[in-house]
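Residue numbers (our numbering): -6 to 95. Backbone N, C-alpha and C define an ideal beta-carbon position, used for all residues, glycine too. Predicted, not measured: the structure shown is a model, and the values here were computed from it. Take a look at the structure set out below.
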Amino acid sequence: MIIAFDFDNTISKDANGFCSIMKLMESRGHKVVVVTGRESTTYPEDLSFLKRMGFDVYFTEHKAKREYMRGLGIEVEVWVDDLPESVLNDYEGTPTTYRDSE
């Protein structure tokens, strides 16, 4: 099973907790990825710790996450996201990151 976790206002709300869950799911044989709606130029350093932990990180550039991942040949089965509409729809509006919520 492939499980995708969002970063802003999901992982960023409790990075240690979510990373523990993500590692647990990997230890059970699942593929865990991080899919953010961010542009790749918007504070990419915020997600670098996830790459160092071995997670693949995808920046969708405000595109619908499911369609973006399918375009890469990756069929995500479970989405963990504070904005579930971003899985099916392109992002409309002013882009925000967890930094904007602090």
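So, residue i versus residue j, is the Cβ gap smaller than 8 Å?
i	j	result
Ala(-3)	Val50	no
Cys12	Met62	no
Met15	Phe42	no
Contact defined as beta carbons within less than 8 Å: I believe residue i pairs with residue j. What is the distance between those atoms, to the nearest angstrom?
i	j	result
Thr90	Asp1	5 Å
Lys56	Val28	Actually they do not touch by this definition, with Cβ atoms about 10 Å apart.
Thr3	Asp93	That belief does not hold up - the Cβ atoms of Thr3 and Asp93 are roughly 14 Å apart, past 8 Å.
For residue i, which residues of its own chain have a beta-carbon under 8 Å away from its beta-carbon, when the five flanking residues on both sides are left out?
i	result
Leu65	Tyr51
Gly71	Note that residue 71 is Val in the sequence shown, not Gly. Correct list, in chain order: Met(-6), Ile(-5), Ile(-4), Ala(-3).
Asp39	Phe0, Ser5, Thr90, Tyr91, Arg92
Ser33	Phe52, Glu54
Can you tell me where the beta strand (DSSP E) with residue i in it begins and where it stops?
i	result
Val80	From DSSP, Val80 is part of no beta strand (DSSP E) but of the alpha helix (DSSP H) over 78 to 81.
Tyr61	No beta strand (DSSP E) holds Tyr61; the alpha helix (DSSP H) holding it covers 58 to 64.
Phe(-2)	-5 to -2
Phe52	49 to 52
Might you give, ordered along the chain, the residues of its own chain that have their beta carbon closer than 7 Å to the beta carbon of residue i, omitting 5 neighbours on each side?
i	result
Met18	Ile(-4), Val25
Leu81	Ala57, Arg59
Below 6 Å CB to CB, which residues in the same chain sit around residue i once its five sequence neighbours on both sides are set aside?
i	result
Gly30	Thr53, His55, Ser79, Tyr84
Tell me the residue span of the alpha helix (DSSP H) that contains residue i.
i	result
Phe11	8 to 20
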